[in-house]
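Report on the following structure.
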Amino acid sequence: MSLEIKVPNVGESISEVTIATWLKAEGEYVEMDEVICELESDKATFELTAEAAGKLHHKAEEGDTLAIGDIICEIDTEASGGGSGTEKKESKPSSSTSDSSSKSSGGPSKTGEVLEMKVPEVGESITEVTIASWLKSDGDYAALDEIIAEIESDKATFELAAEKAGFIQIIAQEGETLEIGAPICKIEVTEGEPSGDGGGSGSNSESGSGGETASGSSDSETYATGHASPAAAKILKEKGIDPKDIKGTGVDGRVTKADAEAAEKKASAPSPSKASTASSSQAEPPKASGERGQKREKMTNLRKTISRRLVSVKNETAMLTTFNEVDMKPIMDLRSKYKDMFKEKHEVGLGFMSFFTKAVCVALKEFPAINAMIDGEEIVYHDYCDISIAVSSPRGLVVPVIRNAEDLSFKGVESEVVRLAKKARDNKLSMDEMQGGTFTITNGGIFGSMLSTPIINAPQSAILGMHNIVERPIALNGEVVIRPIMYLALSYDHRIVDGKESVSFLVRVKQLLEDPARLLLEV
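Going by the numbering used here, the residue at position 237 of the sequence shown is 442; the numbering climbs one at a time, nothing skipped.
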């Protein structure tokens, strides 16, 4: 009996795919659920698995483009295992034999239960996530609560843990965007723990030929040996590196994403013919020297959302920016005098952010419109100050929130800044730490920015931009003196904040910073 394998539906907007690589040759015997080829769309790479055991017959070649539902191959289910296809089926070990051998060897045994894992709820306003990376390959064993994948939303990255112990069957590939509740993988539930190399691919535990035994050893070569995973193949293609030139560290020698990221292209020695050609073509016009390559990377879900929201803010708010300058000498003198004592007592450094946060909180109480937001046809005023701080992370700009900053001491503010910045760099921020915020402070000065017009962090009504500190000549008491000056920028939504309020707010912040004693006395 011949079973037709058709191109599956791999995505809502994908109408055709291209055969990237056949992993099983024409006439080769394949096991059920074994990966037989890789398909590529304009969005991602997918693995096609055998729907039954038998002899494989190609109906399309590598490079062919097929529509969804087209026949891609056939499987002769009556053919037996082995290279010739003339041996009897009894020569291939049955699944019951495999299960019993795994039990006797102390390995995990399949219970017959297949658990379908779905994209979990990761936040109140998040409707979809993108698979950032699979930490387990298709067929790998995963223990209960073991991290198997990382998924990212437009706000943060989350870890996906195995809900039961068993062998992983990947449904969605890296880079694919899924809605909340969509199936992401299946787990063939097992009993017992793996021993030795038994934690590898479930399909490798069964032999594909009659004369071999199910050993699970990574010493024997399989289709995975020297073959790159979809994510690794994409990285290697961008680097111009052949996967065959890399020694894979994955199951059965498979080239993993980590292998691809660490791989470097070997420098090729210049050929004598090229040197002679160069010397004989002196009359030709000079060409650009050095490498002139290009690199394309798909925008992350976080970057796409940031772009969309920034454009939305520019288009939907009446945003203006007002500027002022601050003499930082009083704060710098105070900090120099007490920073060592502060660090010794509180075990955290005394930075400028605590001064600015406390000054902003005092000013926000005096000008509540700057701490408000528009909700439909209503203005929502807040009697608390949740200060968002813009932090640069490996995945882009994130804005964690310091809750009730008005009630925190200098030590409390500095501790929160350090904690949130570290979690941002490690991509460990939770949804609670990202949501909300009534006012934002961003410090472009750490990168050397002299002056900028920051964009409002919607739905907030204003954002304060800090900049670098530069010694400049200013007039003080009729004399020209050199002082460390910082430019401040307040961008605000003119729909809710009037010009008088914005200017007065920034002047108030300037007064508090230039005379830090006011922060303690609240005058």
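The beta-carbon is built from N, C-alpha and C at its ideal position, and this holds for glycine as well.
Residue i - containing alpha helix (DSSP H), residue span
i, result
"T461", "Unbroken run through T461: none, as it is neither H nor E."
"I536", "K534 to H551"
"R713", "G704 to E719"
"E571", "F557 to E571"
"A629", "F615 to R630"
"M639", "M636 to M639"
"R723", "A722 to L726"
C-beta atoms of residue i and residue j nearer than 8 Å
i, j, result
"M639", "P605", "yes"
"D464", "A437", "yes"
"I280", "K260", "yes"
"S321", "I385", "For clarity, residue 321 is Glu in the given sequence; the question names Ser instead. Against a cut-off of 8 Å, the Cβ pair of I385 and E321 comes out as no contact."
"F644", "A629", "no"
"P659", "S696", "yes"
"A574", "I701", "yes"
"I356", "A337", "yes"
"S358", "G317", "no"
"D591", "G641", "yes"
"E351", "A367", "yes"
"S657", "A680", "no"
"L208", "V222", "no"
Nearest residue (CA-CA) to residue i, options the options
i, options, result
"G445", "T226, E351 and E466", "E466"
"K616", "L569, H587, K544 and V516", "K544"
"I440", "P388, E502 and I389", "E502"
"V240", "Y692, M206 and C278", "C278"
"T562", "D538, I607 and A694", "I607"
"G371", "S342, E381, G380 and E379", "S342"
"Q665", "S285, I584 and V686", "I584"
"V212", "H263, M206 and A258", "H263"
"G670", "K570, F560, F528 and V685", "F528"
"S709", "E719, F572 and L208", "F572"
"V675", "L681, G683 and Y692", "Y692"
"A433", "T250, G556 and Y586", "T250"
"K626", "G641, N609, E611 and G601", "The amino acid at residue 626 is misidentified as Lys; the sequence shows Ala. It is G601 whose Cα lies nearest to the Cα of A626."
"I210", "I219, S220 and D238", "D238"
"D631", "D447, E364, V319 and A468", "E364"
"R688", "G704, A610, D637 and M537", "M537"
"L525", "E549, D698, I375 and I331", "D698"
"K500", "S494, K442, K462 and D703", "K442"
Straight-line gap, residue i to residue j (C-alpha atoms, nearest Å)
i, j, result
"H672", "S597", "15 Å"
"V565", "N662", "16 Å"
"G232", "R497", "44 Å"
"E619", "L613", "10 Å"
"A722", "V623", "25 Å"
"M504", "Q716", "43 Å"
"S517", "E252", "38 Å"
"K294", "V235", "Summary for K294: the model assigns pLDDT 39, below 50, so the residue's position carries little reliability; its value from the coordinates is reported in the next sentence. Each residue's alpha carbon lies about 13 Å from the other."
"F652", "T522", "27 Å"
"K633", "E621", "15 Å"
"C242", "I579", "53 Å"
"V334", "E283", "42 Å"
"V531", "N520", "31 Å"
"K323", "I224", "28 Å"
"N214", "V714", "58 Å"
"M533", "G458", "59 Å"
"E267", "A255", "17 Å"
"K391", "L349", "13 Å"
"S593", "I646", "6 Å"
"A258", "S285", "9 Å"
"T510", "N682", "50 Å"
"S654", "R677", "15 Å"
"S307", "A354", "Because S307 carries a pLDDT of 46, less than 50, the predicted location of this residue cannot be relied on, and no value is offered for it."
"V553", "F560", "14 Å"
"D275", "W227", "16 Å"
"S301", "L340", "Because S301 carries a pLDDT of 41, less than 50, the predicted location of this residue cannot be relied on, and the following value inherits that uncertainty. In a straight line, the C-alpha of S301 is about 29 Å away from that of L340."
"G649", "Y346", "46 Å"
Start and end residues, beta strand (DSSP E) containing residue i
i, result
"F251", "T250 to T254"
"S207", "S207 to K211"
"G321", "For the record, residue 321 in the displayed sequence is Glu; it is not Gly. Unbroken beta strand (DSSP E) run through E321: S314 to K323."
"A667", "A667 to M671"
"A574", "That residue, A574, is in no beta strand (DSSP E); it is neither H nor E in DSSP."
"H263", "G259 to H263"
"A523", "Per DSSP, A523 belongs to no beta strand (DSSP E) and is neither H nor E."
"S598", "V596 to S598"
"E279", "I276 to D281"
"A284", "Segment: none, A284 is in no beta strand (DSSP E) and carries neither H nor E."
**Prompt:** What beta strand (DSSP E) runs, 3 residues minimum, are completely inside the region 340-398?
**Reply:** 352-357, 362-366, 371-375, 382-384 and 388-396
**Message:** To test your reading of the DSSP string, which unbroken beta strand (DSSP E) runs of 3 or more residues are found completely within the region 215-245?
**Reply:** 221-227 and 240-245
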